[in-house]
Amino acid sequence: MIAADTSTWVAFLEGRAGDDVLTLDQSLEARQVVMPPVVLTELLSDPKLPFSVAKSLLDIPLLETHAGYWQRAGGLRAKVLSRGRRARLGDALIAQSCVDGGVRLITRDRDFRRFAEAAGLDLALPV
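Take 1181 as the starting number for the sequence shown in the working numbering and just add one per residue.
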């Protein structure tokens, strides 16, 4: 199983090119994609998102949050921040969802490298 960050989903939905988009497309074809809840929230927050796209996104299985998720996500963000690095809350939540679910993350957002270093987030492609 694999998950994609909002940056990759937006590129995919806009028809842009890239290794991340190709990997997402292939993973969708193989029915190997799961959705981090925060990514779904970010995507559904677009007021211009067509209803048909929203409906398709809702068909993708959600990564479950497990007991202690919020504490682990806070700890992960604190670990990155303590190193003097930027750690956006949404990114920390996405990273923790993937770490907890044991799934790789497809992204074009280089900020996720910080979470890979801090918590062993498995990035599917180099960013």
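Every residue, glycine too, gets a C-beta built ideally from N, C-alpha and C.
From a predicted model like this one, the values you see are computed outputs, not experimental measurements.
Can you tell me where the alpha helix (DSSP H) holding L1256 begins and where it ends? 1249 to 1262
Could you give the DSSP three-state label for V1213: helix, strand or coil? strand
In chain order, what residues of the same chain have a beta carbon less than 7 Å from the beta carbon of G1198, not counting five sequence neighbours either side? A1191, R1288
Once DSSP output is grouped into helix, strand and coil, what is the label at L1301? coil
Under a Cβ-count criterion, where at least 16 other Cβ atoms within 10 Å of its own Cβ denotes burial, should G1257 be classed as buried or exposed? Residue identity differs from the one stated: residue 1257 is Arg in this sequence, not Gly. So R1257 counts as buried.
Is the Cβ-Cβ distance between A1183 and C1278 less than 9 Å? yes
Quick check on the DSSP output: what are the complete alpha helix (DSSP H) runs of length 4 or more inside the region 1263 to 1297, in order along the chain? 1269 to 1281
Secondary structure of A1234, DSSP reduced to three states: helix
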